[in-house]
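Following: one structure in structure tokens, then a few remarks.
In the working numbering, the protein residues as written are 6 to 327.
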């Protein structure tokens with residue numbers, strides 16, 4: 006059976022092929038005067054697939070409906086940024102967390118000071134104690150994402166060993182025409198030797214950057230575990246903004262974000278909210294502009310990011326699992 010025949014018959018064994026998932030939901034719409042099929046349908050299709058085909062599983066933090074393996078592609082061309090439009094995304098909260106990661110920070114108090122509370126549950130005294138981190142100060146998340154991005158392999162806390170600044174290595178390579186096309190531009194947040202020190206092991210574990218056609222920067226992300234209702238929309242937005250920021254910082258053009266999910270799941274108490282979301286039609290994705298250029302990646306501020314044309318449906322409340 007050839008690929009063309011397969012795509013013409015969406016009920017055969019290749020039903021979940023990425024291109025089919027990407028395009029099957031709705032007819033062509035117009036974005037920036039160009040006809041295209043709305044990429045948000047990939048996310049909506051994934052919800053439908055999990056609710057109709059997912060297996061019911063009992064896990065560490067409750068009941069989920071789960072599928073194994075999903076992929077989505079989002080264009081970043083023309084400054085486009087894939088903030089979901091079928092519910093309001095708190096993009097400034099997402100950006101504050103991203104800049105926290107970029108600076109290598111792991112103290113939840115720094116987020117709380119900016120009115121960001123997405124890590125409060127996992128940084129609480131009760132949760133840290135449940136992880137065996139009884140000597141860890143409340144709010145100290147341990148060597149999670151930011152630490153691994155900026156100090157991989159280093160001692161956490163007062164230890165003398167300095168680790169690898171993975172993010173700076175990527176920046177240096179992207180600025181070098183001889184290195185930027187390498188297939189080794191990878192950042193890993195998964196450090197098995199330090200998982201026991203983390204408040205929560207990383208869900209989005211590995212990103213790879215790709216430069217094609219000399220200046221087009223893409224990012225592909227592998228995420229071991231994705232909370233489709235709450236976490237996945239943030240992850241799409243966060244890594245898309247990171248790609249835009251790195252392109253801006255390194256003199257490149259943001260091109261595409263490619264998202265791979267290992268375990269994609271919906272918590273049982275999110276089902277009703279997501280069924281409501283499925284009734285909504287997407288709007289055009291907005292555009293993003295970064296209004297400053299700094300020498301140091303640590304120096305970017307939320308106020309320097311401008312999102313233009315974000316039209317969306319109302320927010321939908323869901324409870325975050327720890």
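Each residue gets a CB set at the ideal place from its N, CA and C atoms; glycine is no exception.
Residue 239 - containing alpha helix (DSSP H), residue span: 236-255
Neighbour-count burial assignment, residue 316, 16 or more Cβ in a 10 Å radius: exposed
Span of the beta strand (DSSP E) around residue 170: From DSSP, residue 170 is part of no beta strand (DSSP E); its letter is neither H nor E.
Strand pairing of residue 259, partner residues [DSSP]: 222
Helix, strand or coil at residue 135 [DSSP, three-state]: helix
Delimiting residues of the alpha helix (DSSP H) encompassing residue 281: 276-282
Buried versus exposed call for residue 233 [16 or more other C-beta atoms within 10 Å across all chains shown]: buried
For residue 47, the three-state DSSP class (helix, strand or coil): helix
DSSP three-state assignment for residue 151, whether helix, strand or coil: helix
Cβ pair count under 8 angstroms reaching 3, the segment 223-231 against the segment 259-274: yes
Cβ shell of residue 65 (< 6 angstroms), same chain only, five flanking positions each side left out: none
Inter-stretch contact (C-beta, 8 angstroms, three-pair minimum) for the segment 241-261 and the segment 272-291: no
Pairwise C-alpha distance: residue 165 and residue 194: 21 angstroms
Contact between the segment 87-103 and the segment 235-244 (3+ Cβ pairs under 8 angstroms): yes
Cut-off 6 angstroms between Cβ atoms - residues of its own chain near residue 39, not counting five sequence neighbours on either side: Summary for residue 39: the model assigns pLDDT 46, below 50, so the residue's position carries little reliability, and this model does not support an answer.
Start and end residues, beta strand (DSSP E) containing residue 205: Neither: residue 205 is in no beta strand (DSSP E) and is coded neither H nor E.
Among 134, 120, 192 and 181, nearest to residue 150 - alpha-carbon criterion: 192
Residues near residue 292 by beta carbon distance below 8 angstroms, same chain, minus five either side: 83, 84, 85, 86, 312, 313 and 314
Stretch pair the segment 268-288 + the segment 107-117: three plus CB contacts closer than 8 angstroms: no
Spatial distance of residue 227 from residue 75 (CA atoms): 10 angstroms
Distance between beta carbons of residue 93 and residue 319, contact taken as under 8 angstroms: 6 angstroms
Strand pairing of residue 318, partner residues [DSSP]: Residue 318 pairs with nothing; no bridge assigned.
Run of the alpha helix (DSSP H) containing residue 102, from where it starts to where it stops: 96-107
Residue 158 beta carbon less than 8 angstroms from that of residue 168: yes
Beta-carbon proximity check, residue 213 vs residue 190, cutoff 8 angstroms: yes
Neighbourhood of residue 153 by C-beta, 6 angstroms cutoff - its chain only, sequence neighbours within 5 removed: 194 and 196
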